[in-house]
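All letters in the sequence shown, in the order written, are residues 227 to 411 by the working numbering.
For every residue, glycine included, the Cβ atom is placed at its ideal position computed from N, Cα and C.
Notes follow once the structure below has been shown.
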Amino acid sequence: MRKHRPVGFKTKEVESLKHTLSVLVENNPGVLSRISGLFSRRGFNIDSLAVGVTEDKNVSRMTIVVDGDNYTIEQLTKQLNKLIDVIKVTDISKDSVIRELALIKVNASLSTRNEILQIVYIFRAKVIDISKSTMTIEITGNSQKITALEELLQPFGIKEMVRTGAIGLERGQKVIKYTINDEEE
């Protein structure tokens, strides 16, 4: 006997997606610890974290990639906004330019160098160091591009690799406006 749903019946499905949060913080000691502690206490895994100063030396931008449904990310954003030193939290997942940088050191014998160079060229990456037996490659792009290059280089033998984590800005003229004491968009 086949089971079926009544016409018009909908199940509530919660879609979990990767979200990229841009968190502007006062450039003070301990801020990173407080923010990572909040994620830890709430049971969230940070997929990617990049931190750097902004155009204002007193403000740093944290770009955090985390997995969660829209409701959960909204709650997390509210919790982040309550922390001391957090100026503004913006989910930039939708309309933004997001990039990573990776350095990949790969085995490169004389017999495999040309093939590796062809792959590097296709991905618009750069060879930034070379030795008798290795090449170090620099690539920038979205996460999928970097992962694709990594997978193509695996057969040659990746000796070392490091990825920066995602950084991003909203597209076009839109900017995240703020003042230290008065948050505004």
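Exercise. Give the secondary structure of Ile336 by DSSP, where H, G and I count as helix, E and B as strand, and everything else as coil.
Key: In the sequence shown, residue 336 corresponds to position 110, counting from 1. One detail in the question is off: residue 336 reads as Leu in this sequence, not Ile. In the three-state DSSP reduction, Leu336 falls in the coil class, being neither helix nor strand.
Quiz item: Whole-angstrom Cβ separation of Met387 and Ala328, contact assumed at under 8 Å?
Solution: The residue labelled residue 387 in the question sits at position 161 within the sequence shown. The residue labelled residue 328 in the question sits at position 102 within the sequence shown. Right, the Cβ-Cβ distance comes to about 7 Å (below 8 Å), so this counts as a contact.
Self-check item: Boundaries (first-last residue) of the alpha helix (DSSP H) holding Thr390
Solution: Taking the sequence shown and counting its residues from 1, the one referred to as residue 390 is at position 164. Following the DSSP letters along the chain, one finds Thr390 in no alpha helix (DSSP H), marked with neither H nor E.
Quiz item: Arg350 by DSSP, collapsed to three states: which one?
Solution: In the sequence shown, counting from the first residue as 1, residue 350 sits at position 124. In the structure shown, Arg350 sits in coil (DSSP, three-state: anything other than H, G, I, E or B).
Quiz prompt | Which of helix, strand or coil DSSP assigns to Glu409 | solution = Within the sequence shown, the letter at position 183 stands for residue 409. Confidence at Glu409 is low in this model, with a pLDDT of 45, below 50, so the placement of that residue should be treated as unreliable; the coordinate-derived value is given next. DSSP places Glu409 outside both helix and strand once states are collapsed to three, so it counts as coil.
Quiz prompt | Ser357, buried or exposed, once every other Cβ within 10 Å from all chains shown has been counted against 16 | solution = Your numbering for residue 357 matches position 131 in the sequence shown. Result: exposed.
Quiz item: Whose CA, out of Leu258, Asn284, Gly269, Ser266, lies closest to the CA of Ala276?
Solution: Against the sequence shown, residue 276 aligns to sequence position 50. For the residues Leu258, Asn284, Gly269, Ser266, the minimum Cα distance to Ala276 belongs to Leu258.
Quiz prompt | Inter-residue spacing [alpha-carbon to alpha-carbon] between Thr246 and Arg268 | solution = Taking the first residue of the sequence shown as position 1, residue 246 is located at position 20. Taking the first residue of the sequence shown as position 1, residue 268 is located at position 42. So the alpha carbons of these two residues sit roughly 17 Å apart.
Quiz item: Is the distance from the Cβ of Asp273 to the Cβ of Val251 below 7 Å?
Solution: Mapped onto the sequence shown, residue 273 falls at position 47. Mapped onto the sequence shown, residue 251 falls at position 25. 7 Å or more divides the Cβ of Asp273 from the Cβ of Val251.
Exercise. Using beta-carbon positions only, say whether Thr200 and Arg325 come within less than 7 Å of one another.
Key: Look at the range of the chain in this structure, 227 to 411, and you will see that residue 200 is not part of it.
Quiz prompt | Candidates Asp293, Pro381, Thr298: closest to Arg339 by CA position | solution = Reading the sequence shown from its first residue, position 113 is the one you call residue 339. By alpha-carbon distance to Arg339, the top candidate from Asp293, Pro381, Thr298 is Pro381.
Exercise. Following the continuous alpha helix (DSSP H) through Leu258, name the residue where it begins and the one where it ends.
Key: Translated into the one-based positions of the sequence shown, residue 258 becomes position 32. Unbroken alpha helix (DSSP H) run through Leu258: 257 to 267.
Exercise. Starting from the Cα of Lys320, find the closest Cα among Asp311, Ile342, Ser248, Met288 and give me that residue.
Key: Locating residue 320 in the sequence shown gives position 94, where the first residue counts as 1. Measuring from the Cα of Lys320, the nearest candidate turns out to be Ser248.
Quiz prompt | Contacting residues, own chain, Cβ-Cβ under 6 Å from Ile345 (five flanking each side not counted) | solution = Looking up residue 345 in the sequence shown gives position 119. In chain order, Leu378 place their CB closer than 6 Å to the CB of Ile345, counting only its own chain and leaving out the 5 sequence neighbours on each side.
Quiz prompt | Gly394 versus Ser242, Arg287, Asp311, residue with shortest Cα-Cα distance | solution = In the sequence shown, residue 394 corresponds to position 168, counting from 1. Of Ser242, Arg287, Asp311, the residue nearest in Cα terms is Arg287.
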